[in-house]
Amino acid sequence: MSRSSGQKQKLLYLQKIMLEKTDEEHGLTVKEILTELEAYGIKAERKSLYDDLKSLEDFGIDICRTKTNTVKYYVGSHDFEIPEL
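Using this note's numbering, the letters of the sequence shown map in sequence onto residues 8 to 92.
Written as structure tokens, this is what we have:
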């Protein structure tokens, strides 16, 4: 896939999506993550998404997986928000 516009921001948007839309009870499949990225105008391939999720994990974000019929990804631990404090 050639570099299209927004590819440099893909990892940032992926982090935003994972932090805002997932938790232990609400995971996203790869297909759902790709759809979320497309809403920001970011095109991505399934295979590159696995590397991006690993990069977020290496950065220190607690990326977890659950496997039932499909694999779902979510952020296991979030920083506290003001109302939670």
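The C-beta atom is built at its ideal place from N, Cα and C for all residues, glycine as well.
Source: prediction; values computed, not measured.
- For TYR47, the secondary structure class from DSSP, reduced to helix, strand or coil, is coil.
- By the CB criterion at 7 Å, TYR20 and LEU44 fall inside the cutoff.
- By the CB criterion at 7 Å, THR29 and VAL78 fall outside the cutoff.
- Counting only the Cα atoms, HIS33 lies some 13 Å from LYS74.
- Per DSSP, the unbroken beta strand (DSSP E) holding LYS79 starts and ends at 78-82.
- ILE70: member of the beta strand (DSSP E) spanning 70-74, first to last residue.
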